[in-house]
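Take any residue in the first sequence, count from 1 to its spot, add 2: that is its number in my numbering.
Scroll down for the structure; my scribbles are underneath it.
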Amino acid sequence: MKIASWNVNSLKVRLEHVLDWLREHNPDVLGLQETKTIDENFPLEALKAAGYEHIAYSGQKTYNGVALISKHPIESIVTDLPGLDDPQRRVLIATIKGVRIFNLYVPNGSEVDSDKYQYKLNWLKALTSFTKEELSKHKKLLLMGDFNIAPEDRDVHDPEKWKDQVLVSDKERAALQKLLKLGLVDSFRLFDQEDRSYSWWDYRMLAFRRKAGLRIDLVLLSDALAKECKSSCIDIEPRKLERPSDHAPIFVDLKAS
DNA sequence: ATGGTCGTCTAACGA
3 MKIASWNVNS LKVRLEHVLD WLREHNPDVL GLQETKTIDE NFPLEALKAA GYEHIAYSGQ
63 KTYNGVALIS KHPIESIVTD LPGLDDPQRR VLIATIKGVR IFNLYVPNGS EVDSDKYQYK
123 LNWLKALTSF TKEELSKHKK LLLMGDFNIA PEDRDVHDPE KWKDQVLVSD KERAALQKLL
183 KLGLVDSFRL FDQEDRSYSW WDYRMLAFRR KAGLRIDLVL LSDALAKECK SSCIDIEPRK
243 LERPSDHAPI FVDLKAS
């Protein structure tokens with residue numbers, strides 16, 4: 003089973019890129035973040051016509067918004083983290099073919115020690131609590147999405163410049179480590195990867211051309227799924243298109259499941 | 001050099 007994740011930064015603008023990418027890569031499941039569309043405007047028909055009959059979404063106006071697009075039935079949907087009273091639509095958790103899938107748009111955090119940064123840390127705490135609970139019920143568990151955290155310095159094009167900045171700062175990296183310690187692995191690092199592998203490049207300053215990116219989009223796997231993982235990749239091709247998302251799609255290939 | 005570029009019910013704001 004092939005499972006993918008992509009922060010599209012507006013599904014309305016990026017629909018053709020998404021449809022082309024689905025045709026080319028044929029994943030079983032694609033999780034989207036930053037759809038920026040209310041549920042009534044979700045482009046259901048175009049995605050169903052592309053062979054994805056099972057679709058779930060949790061959208062809002064202007065900001066955030068997540069969706070799961072699947073070839074297989076989507077069961078036991080959860081759209082809110084317990085204990086977090088949050089109107090922002092950042093979470094879509096569901097079971098597909100026996101895999102518990104978390105599709106996540108982690109808060110950006112704006113600036114270190116801002117209110118938004120504190121919200122990010124609180125959000126990650128609530129995520130970690132719920133992940134622990136879900137891991138006790140589901141051996142095959144996967145978290146994917148825009149984590150807005152670069153796990154290590156090798157995930158940052160210029161660690162000196164980024165030191166102590168949001169997306170890289172110690173407290174958010176520690177929060178990610180705490181999540182991983184529940185029994186999850188960063189699937190990307192199960193395999194040899196090219197140096198300077200990133201998933202996001204700022205629109206400004208010709209960042210993509212300069213390879214000035216960060217790897218902040220992740221697929222985390224429980225031990226049971228890590229054993230089944232055949233590959234974990236970032237596809238930078240869509241970032242080269244006209245009017246691209248600032249993020250690249252990422253995906254894993256799982257044996258069996 | 002504190003900018004720059006996108007996307008959003010075109011105006012600040014968020015990323």
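Built from N, CA and C at the ideal position, the CB exists for glycine as well.
Query, Result
"Does the pairing of the region 23 to 39 with the region 143 to 151 give three or more beta-carbon distances under 8 Å?", "yes"
"How about the region 222 to 239 and the region 169 to 186: do they share at least three Cβ pairs that are nearer than 8 Å?", "yes"
"What span of residues does the alpha helix (DSSP H) with VAL20 cover, start to end?", "13 to 27"
"Going by the DSSP bridge assignment, what does ILE76 pair with across the sheet?", "Note: ILE76 sits in no beta bridge, so no partner."
"How about HIS249 and SER201: are their beta carbons less than 9 Å apart?", "yes"
"Tell me the rounded alpha-carbon separation between HIS56 and GLU162.", "44 Å"
"Taking 8 Å as the line, does the beta carbon of LYS63 fall inside it for any heavy atom of the ligand SAH?", "Absence of the ligand SAH from the depicted structure is noted, as is the absence of any ligand whatsoever, leaving it without description."
"Report yes if the CB atom of LYS139 is closer than 9 Å to the CB atom of ARG102, and no otherwise.", "yes"
"With three or more beta-carbon pairs closer than 8 Å as the criterion, would you say the region 47 to 55 touches the region 91 to 98?", "no"
"Whole angstroms is fine: what's the gap from PRO45's alpha carbon to LYS14's?", "8 Å"
"With distances taken Cα to Cα, identify the nearest neighbour of PHE104 among LYS229, SER7, ARG211 and ASP117.", "SER7"
"Quick check for students: name the residue ranges of the alpha helix (DSSP H) that lie wholly in the region 214 to 242, counting only runs of 4 or more.", "225 to 228"
"If we ignore side chains and look at the alpha-carbon of each, how far apart do LYS99 and LYS134 end up?", "21 Å"
"Here's a check: name, in chain order, each residue in its chain whose Cβ is nearer than 6 Å to the Cβ of ILE5, leaving out the five neighbours to either side.", "VAL31 and VAL254"
"Can you check whether the CB of LEU126 is closer than 9 Å to the CB of ALA177?", "yes"
"CB-CB under 7 Å to LEU49, same chain, minus the five flanking residues each way: which ones, in chain order?", "ILE57 and ILE71"
"Below 8 Å CB to CB, which residues in the same chain sit around THR130 once its five sequence neighbours on both sides are set aside?", "ALA177, LYS180, LEU181 and LEU184"
"Mind reading off the beta-carbon distance from GLU113 to VAL168? Whole number of angstroms is fine, and I expect it under 8 Å.", "6 Å"
"Nearest-angstrom Cα distance between ILE238 and ASN110?", "21 Å"
"Just verifying my parser: in three-state terms, what is the DSSP assignment at TYR200?", "coil"
"Alpha helix (DSSP H) containing ASP160: first to last residue?", "Careful: ASP160 lies outside any alpha helix (DSSP H) and carries neither H nor E."
"Taking GLN120 as part of the beta strand (DSSP E), name the residues at either end of that continuous run.", "Where GLN120 is concerned, there is no enclosing beta strand (DSSP E), although the alpha helix (DSSP H) it sits in stretches over 117 to 137."
"Could you work out which residue in ASP166, TYR121, ARG245 and GLU154 is closest to PRO89 when comparing CA atoms only?", "TYR121"
"Are the beta-carbon atoms belonging to GLY67 and THR39 less than 9 Å from one another?", "yes"
"Leaving aside the five residues before and after SER60 along the sequence, list all residues of the same chain whose C-beta is less than 6 Å from its C-beta, in chain order.", "VAL68, THR81, ARG91 and LEU94"
"Which residue comes first and which comes last in the alpha helix (DSSP H) that contains ARG175?", "172 to 182"
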